[in-house]
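Trainee: Throughout the sequence shown, residue numbering follows full-length UniProt numbering, covering 1 to 432 in sequence. No residue lacks a Cβ here, since even glycine has one placed at the ideal position from N, Cα and C.
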Amino acid sequence: MVKSQRMVTKVYLGDLHIGDGTFETDFEYDNELADLIESLVISGCSELVIVGDGLELVNSNEVKSLGLLPYPILSRSLTSRLISDIESRHTRVFDAFRRFSEYGKIVYVVGNHDHYLLENPELRNSLIEALGGQKNVRILPFYYDAEMQLFTLHGNQFDIVGRFSKDDNGNLLAPFGNFMARYMVLNFEEKLKRLNAPVPFINDYRFVHPTLDVFQWFEHIRQRYDVDTDLLELWTKTFIEMLKTPEAQSWLKTNYPRLRYLTTIFVNRFGGMKFGEWIIRVIMSFRRFMQTDYLYRCARRILGCSFEKGFKKVMRKTNFVGYCNGVPEVLPTDIKGVIMGHNHRHTLRGIPVDGELKFYANTGTWQPVVEMVDRKSSNSFVKRAQLSYLIVQKIGKDLNIESRHVMKLNGIGSDQRYGSDKFTANEINIRV
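1. Can you tell me whether R316 is buried or exposed? The criterion is at least 16 other CB atoms within 10 Å of its CB, across all chains shown.
2. Who are the Cβ neighbours of C298 in its own chain at under 6 Å, not counting the five residues just before and after it?
3. Going by DSSP in three states, residue 436 sits in which element: helix, strand or coil?
4. Determine, using beta-carbon pairs with one atom in the segment 392 to 410 and one in the segment 346 to 353, whether at least three such pairs fall under 8 Å.
5. For chain D, is any of its Cβ atoms less than 8 Å away from the one on C298?
6. Taking the Cβ atom as the reference point for each residue, do T238 and L195 lie within a distance shorter than 8 Å?
7. For V8, which option in L409, V392, K408 has the closest C-alpha, if you only look at C-alpha atoms?
8. Thinking C-alpha only, which one of K193, D226, N319, Y360 is nearest Y12?
9. Between the segment 100 to 117 and the segment 170 to 179, do three or more beta carbon pairs fall short of 8 Å?
10. Give the DSSP-derived three-state secondary structure of I37 in the structure shown.
11. Hey, would you say V41 sits closer than 8 Å to F100, going by beta carbons?
12. Let me make sure I understand the geometry here. Which of V227, G133, A385 has the alpha-carbon closest to that of T363?
13. Going by CA-CA distance only, name the one from E308, F97, T152, V107 that's closest to A130.
14. Pick helix, strand or coil for K10, following the three-state DSSP scheme.
15. What is the DSSP secondary structure of P352, counted as helix, strand or coil?
16. Does the Cβ of E147 have 16 or more other Cβ atoms within 10 Å, making it buried, or fewer, making it exposed?
17. Would you kindly check if the distance between the Cβ of V338 and the Cβ of G304 is under 8 Å?
18. Look up K244 in the DSSP assignment and say whether it is helix, strand or coil.
19. I want to know whether the segment 159 to 175 touches the segment 34 to 50 - three or more CB-CB distances under 8 Å.
20. From L57, S388, D35, pick the residue whose C-alpha is nearest to that of S19; which is it?
21. Pick from Y389, I139, F164, E122: whose alpha carbon is nearest that of S250?
22. Name the DSSP beta bridge partners of Q134, please?
23. K166 by DSSP, collapsed to three states: which one?
24. Ignore the nearest five residues each way along the sequence and tell me which others in V214's own chain have a CB closer than 8 Å to its CB.
25. Would you mind working out which of I106, C324, N136, L118 sits nearest G14, comparing C-alpha positions?
26. According to DSSP, simplified to helix, strand and coil, what is Q367?
27. Would L192 and G67 be called neighbours here (beta carbons separated by less than 8 Å)?
28. From the DSSP output, which residues share a beta bridge with I18?
29. What are the residues that DSSP puts in a beta bridge with I106?
Spelled out as structure tokens, the structure:
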């Protein structure tokens, strides 16, 4: 008689960005997420892993009310009320999490928009209780699953404007992207409100991807709503003002010392509008280039494709500042798959390494993305949401990996080729 093999199922999803309702663009897929979590209870899923940025803490009312405090002070100043505010706006989702925790385990991996959880025990303990309690809920900086041989981390560690760093005095510096988001909420967005800018613009501009396309987005809004103000100039001036702040200067000194010297000369001495546009394009173009496949390249190195030299290059101490004192204690030979989030692009790719098939997966995002679909037309922006997640099943010694998503499209602007739509799609199914 052949003995049946035990099957273990785990589900990964991330970049939900569930917020406290500070913005009208707060998480809006409560029913879809709750339905998914409840279905996992029925199907017998043993573990649910959140791959970073499950909660949106950077763009929250409590963080906004504290202004531009240095990151360590800001982190310590937050209270459990922030978690309570988020939970109260998404009761069905948190009820589903708590129900799941009665049957399975929840692992919450921390990203960059929820990093305060690692710095603030009150926040961390409050979220653990909100998700179901200490017994079956863990909050971790990264996660190595020895049973599945999977290494999960958010991925911002490999993004120059998304990773943490330390100044000369050893103080933790927020990622440039985090500080920029906080600064723009307090300054640029407040200016827009005073100008009575159209609500769709205020709601959607922060979701433009890649970031550099925000310049075309400004023109799109100006034409569609007949806005008199030069939005690009307003945004650039605000960006230059941000570069003058002690926090931005400290970040530039630590990460781009030569660029900081140039900004001091041009911004302070010459006003810097043209230079401001140039520096924005340099930074954002570099980031756009990096975003094409940089997490995939990093995953390949983690899995051992570039041998020991490549592994050490990506797993260096500076990449993990704010997450651990050194580097994660993992080796390529111990890893069958790398799972990340951060860049909001759901992906599943097989990677052959020394005759063995391994894989890289990205869980994508449940946050909307506004992107240009036709660069010949300023009106061809589309807003999409891809509600994606990853299923990993272990049957005997084999792993079966499946990426699933639901896509929702909404046309933006006068180009109506893209009407509202919804469809489900199963991505690549890999067995390793």
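Mentor: Judging by the given coordinates:
1. Here residue 316 corresponds to residue number 316 of the sequence shown, with the count starting at 1. That one is exposed.
2. As a working note, residue 298 is residue 298 in the sequence shown. Answer for C298: F158, V314, listed in chain order.
3. Residue numbering for the chain in the displayed model covers 1 to 432; residue 436 lies beyond these limits and cannot be assessed.
4. Output reads yes: the segment 346 to 353 touches the segment 392 to 410.
5. Absent from the structure: chain D. Only one protein chain is present.
6. Residue mapping note: residue 238 aligns to position 238 of the sequence shown, counting from 1. Residue mapping note: residue 195 aligns to position 195 of the sequence shown, counting from 1. Going by beta carbons, T238 and L195 fall outside the 8 Å limit.
7. The residue you call residue 8 lines up with position 8 of the sequence shown. Considering only alpha carbons, the answer is V392.
8. Translated into the one-based positions of the sequence shown, residue 12 becomes position 12. Per the Cα distances, Y360.
9. yes
10. For this step, residue 37 is matched to residue 37 along the sequence shown. Helix at I37.
11. Translated into positions along the sequence shown, residue 41 becomes position 41. Translated into positions along the sequence shown, residue 100 becomes position 100. Contact check for V41 against F100 passes: the beta carbons are separated by less than 8 Å.
12. Stepping through the sequence shown from its first residue, residue 363 is reached at position 363. The option with the nearest alpha carbon to T363 is A385.
13. If you number the sequence shown from 1, residue 130 lands on position 130. Among E308, F97, T152, V107, the Cα nearest to that of A130 is on F97.
14. Position 10 of the sequence shown, counting from 1, holds the residue named residue 10. It is a strand residue.
15. If you number the sequence shown from 1, residue 352 lands on position 352. Correct three-state label for P352: strand.
16. Reading the sequence shown from its first residue, position 147 is the one you call residue 147. Exposed, because fewer than 16 other Cβ atoms sit within 10 Å of the Cβ of E147.
17. For the purposes of this step, residue 304 is identified with residue 304 of the sequence shown, where counting begins at 1. For the purposes of this step, residue 338 is identified with residue 338 of the sequence shown, where counting begins at 1. Cβ distance not < 8 Å, so G304 and V338 don't count as in contact.
18. The residue you call residue 244 lines up with position 244 of the sequence shown. K244 falls in the coil class under three-state DSSP.
19. no
20. Mapped onto the sequence shown, residue 19 falls at position 19. It is worth fixing the name first, because residue 19 is Gly in this sequence and not Ser. Of the candidates L57, S388, D35, the one whose C-alpha sits nearest the C-alpha of G19 is L57.
21. The sequence position of residue 250 within the sequence shown is 250, counting from 1. Nearest of Y389, I139, F164, E122 to S250, Cα basis: F164.
22. The sequence position of residue 134 within the sequence shown is 134, counting from 1. Under DSSP, no beta-bridge partner is assigned to Q134.
23. Position 166 of the sequence shown, counted from the first residue, corresponds to residue 166. It is a strand residue.
24. Stepping through the sequence shown from its first residue, residue 214 is reached at position 214. Cβ within range, chain order: Y205, V208, W235.
25. Counted from its first residue, the sequence shown places residue 14 at position 14. Of I106, C324, N136, L118, the residue nearest in Cα terms is I106.
26. Against the sequence shown, residue 367 aligns to sequence position 367. Per DSSP, reduced to three states, the secondary structure at Q367 is coil, with no helix or strand assignment.
27. Here residue 192 is taken as the residue at index 192 of the sequence shown, counted from 1. Here residue 67 is taken as the residue at index 67 of the sequence shown, counted from 1. No, they are not a contact pair.
28. Looking up residue 18 in the sequence shown gives position 18. L55.
29. In the sequence shown, counting from the first residue as 1, residue 106 sits at position 106. Paired residues: L48, V137.
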